[in-house]
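J.: Numbering (our numbering), first residue to last: 231 to 643.
The C-beta atom is built at its ideal place from N, Cα and C for all residues, glycine as well.
Below is one structure. I have some questions about it.
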């Protein structure tokens, strides 16, 4: 099949999308956007879109879909957007607000932070795009089963964002079962589109995406052209404090404090409990030093207001240097701009986690930068050999080397 040219793709976009591209000063479409548009316009395939962070994946999916739906006006949801996190839902389309306003396509959010009034408004007149988590969609199916055929009567597309967060997990199987139940209830199978920056085996993920549908599943993939990172590792023992003037500080946290000073940074931890501890300790150091508190926190158990305050401070270029301590909630595709440095407490759990977190930093002319900080209790002198080995440090080295040498990312099961 002959590939569509950039010019052909541009002129198949709806007029308001062409205006959006022109008004934003885009001189050309990105490679992933051309690849995705060709598949969506010219085939009936499902589609997996995988390309580096900030490469325009959301636009790659939405521009062709919205163009094909331009003259359809049904009283049901056209596009179902499933995301792994509430914060991702709240943020994902913010940069496209002007585009969606011009299109007349309403966007509804549905999760635990959304008011009952907003949900009732949607139920009375379901249209446009519904953004939802797997758990909220399951709840909707259970408690509003009689409304499902009406809500999704003309559903055309299902977008799964950060698809790597679903595949190979129970949550992914739950999501796939829900999609199949909706298809049975409405009597047709919507096309599926998956988005991710970190996929180990694209073909395996594409096969997962297409299971239970009558369509083939294509892959649009663009890899990193170059690989240049700034990485550092620092190892500390918890019982070896650092003296700074009259202050005695925990050496690991003192290092993190200094490493994030006068910069916009993210400090990742692998649990909510550790994130709370890191934030509290860094704030305590600031108080001891007489410095302003420049630390914020972000994880799934916090209120929407606290999370959004941290997201805003990271995203806005005019805010003072600050650091957000976070879990996976800021690892995924939420728009927080490009940060100057990432700090990771301990080893990332997977190569996918490492790559997602690293990708939060850097700019076009500055490579991504991450410092991995390891803090552990010193073993007793008579401890067995295995207790003397810094296992987390070795895990981190192994993850990085596997990716550097083999481009290894965990595969879907």
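DSSP state of residue 508, grouped into three classes?
T.: Against the chain shown, residue 508 aligns to sequence position 278. Reduced to three states, the DSSP call for residue 508 is helix.
J.: If you draw a straight line from the alpha carbon of residue 304 to that of residue 530, how long is it in whole angstroms?
T.: Counting from one through the chain shown, the residue named residue 304 turns up at place 74. Counting from one through the chain shown, the residue named residue 530 turns up at place 300. One C-alpha to the other measures close to 35 Å.
J.: Counting pairs of beta carbons, one from the stretch 423-430 and one from the stretch 247-265, are three or more of them closer than 8 Å?
T.: With a cut-off of 8 Å, the stretch 247-265 and the stretch 423-430 do not count as touching, because too few Cβ pairs lie within range.
J.: Check for me: the beta strand (DSSP E) holding residue 473 runs from which residue to which?
T.: On the chain shown, position 243 is the one that residue 473 refers to. It spans 472-474 - the beta strand (DSSP E) in which residue 473 sits, taken as one unbroken run.
J.: Taking the C-alpha atoms as reference points, what is the distance between residue 237 and residue 243?
T.: Position 7 of the chain shown, counted from the start, is the residue given in the question as residue 237. Position 13 of the chain shown, counted from the start, is the residue given in the question as residue 243. Going from the Cα of residue 237 to the Cα of residue 243 covers about 10 Å.
J.: Assuming the contact rule is C-beta atoms closer than 8 Å, residue 483 and residue 512 should be a hit. Round their C-beta distance to whole Å, please.
T.: Here residue 483 is taken as the residue at index 253 of the chain shown, counted from 1. Here residue 512 is taken as the residue at index 282 of the chain shown, counted from 1. Their Cβ separation, rounded to whole angstroms, is 6 Å, which keeps residue 483 and residue 512 in contact under 8 Å.
J.: Roughly how many whole angstroms lie between the Cα atoms of residue 576 and residue 344?
T.: Counting from 1 along the chain shown, the entry for residue 576 is found at position 346. Counting from 1 along the chain shown, the entry for residue 344 is found at position 114. Those two C-alpha atoms are separated by around 34 Å.
J.: Express the C-alpha separation of residue 492 and residue 549 in angstroms, rounding to a whole number.
T.: Along the chain shown, one-based indexing puts residue 549 at 319. Along the chain shown, one-based indexing puts residue 492 at 262. Going by the C-alpha atoms only, they are around 12 Å apart.
J.: Using the beta-carbon count (16 or more within 10 Å), is residue 430 buried or exposed?
T.: Residue numbering aside, residue 430 sits at position 200 when the chain shown is read from its first letter. Around the C-beta of residue 430, 16 or more other C-beta atoms lie within 10 Å, and the residue is accordingly described as buried.
J.: Would you call the CB atoms of residue 220 and residue 308 closer than 8 Å?
T.: The chain is shown from 231 up to 643; residue 220 falls before or after that span and cannot be answered.
J.: For residue 246, which residues from the same chain have a beta carbon less than 6 Å from its beta carbon, with the 5 sequence-adjacent residues on both sides left out?
T.: Residue 246 sits at position 16 when you count from the first residue of the chain shown. These residues qualify, in order along the chain: 332, 333.
J.: Give the range of the beta strand (DSSP E) segment to which residue 571 is assigned.
T.: Residue mapping note: residue 571 aligns to position 341 of the chain shown, counting from 1. Looking at the DSSP string, the run of the beta strand (DSSP E) that includes residue 571 is 571-575.
J.: So residue 589 and residue 599 are in contact, right, with Cβ under 8 Å, and what is the actual spacing, rounded?
T.: The residue given as residue 589 occupies position 359 in the chain shown. The residue given as residue 599 occupies position 369 in the chain shown. Their Cβ separation, rounded to whole angstroms, is 11 Å, which puts residue 589 and residue 599 out of contact at 8 Å.
J.: Taking 8 Å as the threshold (C-beta atoms), are residue 318 and residue 392 in contact?
T.: For the purposes of this step, residue 392 is identified with residue 162 of the chain shown, where counting begins at 1. For the purposes of this step, residue 318 is identified with residue 88 of the chain shown, where counting begins at 1. Yes, the pair counts as a contact, with Cβ atoms nearer than the cut-off.
J.: Going by DSSP in three states, residue 549 sits in which element: helix, strand or coil?
T.: Here the question's residue 549 lines up with position 319 in the chain shown. Correct three-state label for residue 549: coil.
J.: Rounded to whole angstroms, what is the Cα-Cα separation between residue 534 and residue 232?
T.: Residue mapping note: residue 534 aligns to position 304 of the chain shown, counting from 1. Residue mapping note: residue 232 aligns to position 2 of the chain shown, counting from 1. The straight-line gap from Cα to Cα measures roughly 47 Å.
J.: Can you find the residues in the same chain that come closer than 6 Å, C-beta to C-beta, to residue 363, ignoring five residues on each side of it along the sequence?
T.: Counted from its first residue, the chain shown places residue 363 at position 133. Beyond the five residues adjoining it in sequence on each side, residue 363 comes within less than 6 Å, by CB distance, of 341 in the same chain, given in chain order.
J.: Note down the Cα distance separating residue 485 from residue 254, rounded to an integer number of angstroms.
T.: If you number the chain shown from 1, residue 485 lands on position 255. If you number the chain shown from 1, residue 254 lands on position 24. Spanning the two alpha carbons is a distance of roughly 41 Å.
J.: What did DSSP end up calling residue 441 once you bin it into helix, strand or coil?
T.: By 1-based counting over the chain shown, the position of residue 441 is 211. Coil.
J.: Determine, using beta carbons only, whether residue 390 and residue 412 come nearer to each other than 8 Å.
T.: Taking the first residue of the chain shown as position 1, residue 390 is located at position 160. Taking the first residue of the chain shown as position 1, residue 412 is located at position 182. Result no, Cβ atoms of residue 390 and residue 412 do not sit closer than 8 Å.
J.: Could you tell me the alpha carbon to alpha carbon distance between residue 566 and residue 509, rounded to whole angstroms?
T.: Here residue 566 corresponds to residue number 336 of the chain shown, with the count starting at 1. Here residue 509 corresponds to residue number 279 of the chain shown, with the count starting at 1. Rounded to whole angstroms, residue 566 to residue 509 spans 19 Å at the Cα level.
J.: Could you check if residue 478 is buried or exposed, using at least 16 other CB atoms within 10 Å of its CB as the buried criterion?
T.: In the chain shown, the residue the question calls residue 478 occupies position 248. Burial call: exposed.
J.: Apart from the five residues just before and just after residue 579, which ones in its own chain have a Cβ nearer than 7 Å to its Cβ?
T.: On the chain shown, residue 579 is found 349 positions in, with the first residue counted as 1. If we look at residue 579 and ignore the five residues flanking it on each side, its Cβ neighbours are 500.
J.: For residue 273, name the three-state secondary structure that DSSP assigns.
T.: For this step, residue 273 is matched to residue 43 along the chain shown. Coil at residue 273, not helix or strand.
J.: Classify residue 520 as buried or exposed, calling it buried when 16 or more other Cβ atoms lie within 10 Å of its own Cβ.
T.: Numbered from 1 along the chain shown, position 290 holds the residue referred to as residue 520. The residue is exposed, with fewer than 16 neighbouring Cβ atoms inside 10 Å.
J.: Compute the distance between the beta-carbons of residue 448 and residue 277, then report whether it is under 8 Å.
T.: Indexing the chain shown from 1 puts residue 448 at position 218. Indexing the chain shown from 1 puts residue 277 at position 47. Yes; because the gap between Cβ atoms is below 8 Å, this pair is in contact.
J.: Could you spell out the range, first to last residue, of the alpha helix (DSSP H) harbouring residue 250?
T.: Translated into the one-based positions of the chain shown, residue 250 becomes position 20. From DSSP, the alpha helix (DSSP H) with residue 250 extends over 245-253.
J.: Residue 269: which of 461, 503, 619, 451 sits nearest, CA to CA?
T.: Start at 1 with the first residue of the chain shown, and residue 269 comes out as number 39. Among 461, 503, 619, 451, the Cα nearest to that of residue 269 is on 451.
J.: Return the CA-CA distance between residue 357 and residue 283, expressed in angstroms with no decimal places.
T.: Your numbering for residue 357 matches position 127 in the chain shown. Your numbering for residue 283 matches position 53 in the chain shown. Rounded to the nearest angstrom, the two C-alpha atoms are 30 Å apart.
J.: From what residue to what residue does the beta strand (DSSP E) around residue 451 run?
T.: Against the chain shown, residue 451 aligns to sequence position 221. First-last of the beta strand (DSSP E) with residue 451: 447-451.
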